[in-house]
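Residue numbers (this note's numbering), protein chains in the order written: chain A, 118 to 635; chain B, 118 to 635.
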């Protein structure tokens with residue numbers, strides 16, 4: 118984690134939101150980010166090297182806030198000076214930390230002037246006020262104006278973030294060295310402390326070997342919540358567990374939700390009044406299913422999490438505020454949400470370059486949740502991790518607000534007649550038919566188009582539908598080239614331990630004699 | 118951070134709360150902790166060395182939950198097996214990870230038997246069911262019964278926590294290596310995601326150089342909240358900022374709260390309706406002041422944070438649920454709260470040994486928030502950090518529920534006639550007098566008692582009180598030997614930049630000619 122994480126996150130998710138107000142000045146995250154990038158460039162052009170200490174002696178201001186971001190952005194180390202200290206104490210701390218740059222405001226101009234001559238380590242002083250800079254002193258606003266913004270240097274984790282002087286009541290002041298992670302763990306703690314309900318009880322639906330429930334389980338361990346466990350998922354076993362244990366939270370995969378809403382006993386005969394939150398994860402959910410689940414649990418908060426084993430769980434979360442009417446109107450409910458507080462996400466092309474918003478590419482993830490690597494598989498690790506970025510293999514686009522829309526596994530994408538078809542979109546359309554319980558879409562070999570769209574459909578008990586009816590239904594919802602060319606009715610789909618449809622098993626009979634099996 | 122952090126936290130804070138329910142079995146955290154310690158010991162006695170992989174192949178159960186804690190507790194590495202996999206896939210993952218121990222339940226007894234003969238790396242198999250163990254197989258319940266619990270091995274951070282096999286749809290399965298921090302960052306993210314309000318605005322009261330506001334500020338950066346800044350604190354400047362910017366959150370030190378509630382204009386003439394939370398920190402607060410603040414802001418949630426620069430901010434938090442009537446009745450409101458999700462706290466004696474609950478000792482802190490050290494001061498660093506534990510210099514006791522009651526800085530403790538007097542307790546008593554605005558208590562030299570209790574008192578504007586009246590008032594509240602022997606009326610107390618009373622400045626005239634100045 119990095120001190121600049123919060124700023125970078127807002128630059129991606131809400132660049133035009135108001136970031137800071139000071140007196141009559143108001144700046145958006147975009148403006149603050151631009152100034153921080155220039156501020157950092159100016160520090161570097163003044164000779165600041167990675168790890169150099171940069172001090173600031175000033176009253177609170179928007180510029181102070183920018184200093185706190187610009188120094189780590191430029192790979193420097195903060196040294197925020199105690200404004201109550203005597204010049205002698207300040208001189209001691211500047212020399213002890215060997216600070217090479219001192220930034221000051223109008224209030225501290227006289228002291229800064231004295232310190233400049235007194236401290237041998239100071240090479241540069243910068244005036245961060247609203248008036249004229251003293252003679253021979255750089256003016257922060259001119260520096261910011263003249264600089265070209267640089268990218269964040271990427272300091273994080275155990276890197277030294279700042280030296281914070283303390284004490285001085287006994288002997289000399291001591292410079293406390295705090296790392297990026299020190300400060301960020303504390304920040305996360307402050308956030309997490311606000312989220313504590315009393316007496317929470319987590320009901321376990323997914324198998325415990327799977328990472329889907331692991332992060333949530335860790336959260337509940339930290340809360341000191343109770344764990345209510347059933348041997349294996351079935352709609353009635355889970356419903357009975359929730360009712361008996363008065364469970365407040367449950368993690369489910371969409372297949373489990375589907376089984377529950379389709380089960381006439383489990384969905385109607387149990388008391389779900391204790392339930393406060395459902396976190397669903399591990400595979401995309403159709404809007405139809407989500408609507409049915411929200412109708413069944415009207416007072417429950419829904420969280421969608423998107424992630425993978427390689428990221429220890431969630432890297433995006435779609436919170437309950439986007440599951441309501443507004444989320445539906447704005448279409449956010451079709452997304453997997455925004456990057457979590459600790460994950461950085463970008464959508465990249467085949468060359469690893471970030472694509473524009475709205476363009477489909479591969480999801481890449483960076484952050485403290487990214488795996489150490491694959492056990493004993495250096496080649497696979499090198500293929501998955503590039504400079505700290507995890508290539509997920511999932512195709513998605515990001516909208517202007519940083520919401521991530523997963524369209525497919527890249528290998529599940531169908532290329533038919535040169536057009537990309539995302540199986541999830543086709544499945545979503547088929548699932549809207551009232552007779553359909555479950556479906557899965559794959560590409561099968563086709564002489565002229567390369568691949569053709571092929572659908573597997575499971576009907577609801579007591580319902581029937583013809584292939585032509587399904588095709589006609591999808592034509593009302595999606596482009597013709599995306600509609601299934603062929604449809605196969607089956608009793609059930611092959612499902613993994615985590616409840617995901619095993620598409621490779623569906624593909625296998627069609628691709629058996631071809632090389633391009635994946 | 119460590120996978121066992123949540124369990125250890127609950128063992129300290131709520132050992133008798135229910136931890137897990139499975140079928141008809143229910144166990145408290147104390148029982149789970151005891152079993153985990155024994156389970157870990159059994160693994161070690163079976164030859165498991167640090168870093169060895171321990172696999173489990175079983176349906177969900179309370180024993181599976183214990184496995185997930187016992188393996189990291191014993192410095193092992195988890196390998197939770199996919200219950201949907203074929204014997205061949207399981208054998209591959211066990212051999213690939215070189216798992217030496219396999220734990221299984223009744224459902225997987227036949228597969229485990231086959232794997233035992235097939236996998237060369239498996240040295241031990243353990244039966245974790247309710248019946249009889251197969252011939253030649255250890256029974257988990259017997260192992261737990263026979264073992265003596267061991268202490269947590271202390272694995273954390275980048276240490277490998279588990280290998281989670283994934284894929285297998287294309288080529289061989291891959292073992293994803295996840296560290297303790299990977300899983301815990303994800304867990305904290307899940308918690309933090311629940312705490313998001315929309316449109317939060319943090320008003321800055323403390324000076325930005327000080328760590329008191331830094332962690333909170335980091336939390337608000339992560340949220341993408343707005344920062345509303347005033348140059349320096351005054352009651353009216355802050356009140357005006359809150360009203361104009363519609364601030365939702367503010368971090369304050371008690372001195373600032375006191376100035377605000379005492380200010381007839383700031384406390385009555387501004388619109389505080391936007392305010393949702395006040396986090397106060399950096400020095401103890403008197404109950405009188407807290408009551409007045411809660412009366413002024415009746416709908417605001419109060420959070421007390423205790424911490425220091427050396428811990429990057431808060432290590433205990435007293436949440437709003439303990440500021441209400443229940444907190445007062447149970448006395449929790451006099452505490453600094455419980456350890457945060459990421460900090461481990463113990464109260465130690467001079468030899469570094471943990472003291473019993475209720476006994477005053479020094480607060481020691483461990484966790485990812487503890488500083489890297491003091492800049493350029495190896496001796497001071499070695500004195501402050503012992504094996505990762507930060508010695509805070511603060512005297513406190515912990516109650517049965519893990520609430521920490523800070524009684525004094527250890528160096529502010531007064532020893533008079535052989536009795537320990539905690540200045541905070543005396544200050545609390547004096548502050549209850551209606552004419553008193555502020556006070557501070559120190560020890561001054563005394564011929565026969567070593568030190569005598571001496572108080573500085575600032576009267577409220579327009580109020581007067583005599584020394585005798587103050588003494589008589591305190592005698593109703595605290596033991597006679599704790600009551601001030603001498604009282605000095607002053608216009609103001611010397612205050613640090615963070616709003617703390619500078620006791621060394623108060624002491625200085627009295628101790629100037631002595632060696633024992635501190």
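We put the CB at the ideal spot given by N, CA and C, even for glycine.
Residue i CB to nearest chain B CB: under 7 Å?
i	result
residue 335 of chain A	yes
residue 291 of chain A	yes
residue 494 of chain A	yes
residue 321 of chain A	yes
residue 317 of chain A	no
residue 443 of chain A	no
residue 298 of chain A	yes
residue 138 of chain A	yes
residue 303 of chain A	yes
residue 324 of chain A	yes
residue 555 of chain A	no
Check the C-beta distance from residue i over to residue j and give it rounded, since I have them as a contact under 8 Å.
i	j	result
residue 620 of chain B	residue 291 of chain A	Rounded, the Cβ-Cβ distance is 18 Å, inconsistent with contact.
residue 141 of chain A	residue 346 of chain B	Their Cβ separation, rounded to whole angstroms, is 12 Å, which puts residue 141 of chain A and residue 346 of chain B out of contact at 8 Å.
residue 557 of chain A	residue 563 of chain A	Not really, about 18 Å apart at Cβ, beyond 8 Å.
residue 501 of chain B	residue 427 of chain B	7 Å
residue 393 of chain A	residue 418 of chain A	6 Å
residue 491 of chain B	residue 293 of chain A	6 Å
residue 220 of chain B	residue 152 of chain B	Contact doesn't hold; Cβ gap of about 14 Å is too wide.
residue 310 of chain A	residue 457 of chain B	6 Å
From what residue to what residue does the alpha helix (DSSP H) around residue i run?
i	result
residue 621 of chain A	620-628
residue 511 of chain B	It is not in any alpha helix (DSSP H) - residue 511 of chain B instead sits in the beta strand (DSSP E) that spans 506-515.
residue 303 of chain A	297-310
residue 149 of chain A	146-162
residue 352 of chain A	352-362
residue 337 of chain A	331-340
residue 587 of chain B	584-592
Ordered along the chain, which non-local residues of its own chain (more than five positions away) have a Cβ less than 7 Å from that of residue i?
i	result
residue 626 of chain A	none
residue 133 of chain A	145, 147
I'd like to know whether the C-beta of residue i is nearer than 7 Å to at least one C-beta of chain A.
i	result
residue 576 of chain B	no
residue 530 of chain B	no
residue 341 of chain B	yes
residue 613 of chain B	yes
residue 461 of chain B	no
residue 199 of chain B	yes
residue 286 of chain B	Confidence is the limiting factor: at residue 286 of chain B the pLDDT is only 49, short of 50, which leaves the residue's position unreliable, though a coordinate-based value still follows. Closer than 7 Å to some Cβ of chain A, the Cβ of residue 286 of chain B qualifies, so yes.
residue 485 of chain B	yes
residue 346 of chain B	yes
residue 506 of chain B	no
The beta strand (DSSP E) spanning residue i covers which residue range?
i	result
residue 366 of chain B	366-369
residue 136 of chain A	135-139
residue 485 of chain B	That residue, residue 485 of chain B, is in no beta strand (DSSP E); it is neither H nor E in DSSP.
residue 605 of chain A	603-606
residue 131 of chain A	Run containing residue 131 of chain A: none; DSSP gives neither H nor E here.
residue 343 of chain A	343-346
Could you name the residues of the same chain whose beta carbon sits closer than 8 Å to that of residue i, not counting the 5 residues immediately before and after it, in chain order?
i	result
residue 632 of chain A	Bear in mind that a pLDDT of 44 at residue 632 of chain A, under 50, signals an unreliable position, so the model cannot answer this.
residue 636 of chain A	A query on residue 636 of chain A cannot be resolved here, the shown segment of chain A reaching from 118 to 635 and no further.
residue 268 of chain B	154
Using a Cβ-Cβ cutoff of less than 6 Å, which residues in the same chain neighbour residue i once the five nearest sequence positions on both sides are dropped?
i	result
residue 161 of chain B	191
residue 264 of chain A	155, 158, 159
message: Would the segment 542-549 of chain A count as touching the segment 587-597 of chain A if we require 3 or more Cβ pairs under 8 Å?
response: yes
- prompt: Taking one C-beta from the segment 166-174 of chain A and one from the segment 198-215 of chain A each time, how about it: are there three or more such pairs within less than 8 Å?
  reply: yes
query: When the Cβ atoms of the segment 466-477 of chain B are set against those of the segment 444-456 of chain B, are three or more pairs found closer than 8 Å?
result: no
task: Please determine if the segment 225-232 of chain B and the segment 299-309 of chain B are in contact, where contact requires at least 3 C-beta pairs separated by less than 8 Å.
output: no
message: Assess contact between the segment 269-280 of chain A and the segment 237-256 of chain A, defined as three or more Cβ pairs (one per stretch) separated by less than 8 Å. Is contact present?
response: no
- prompt: Is it a yes or a no for the segment 188-207 of chain B touching the segment 241-251 of chain B, going by three-plus beta-carbon pairs under 8 Å?
  reply: no
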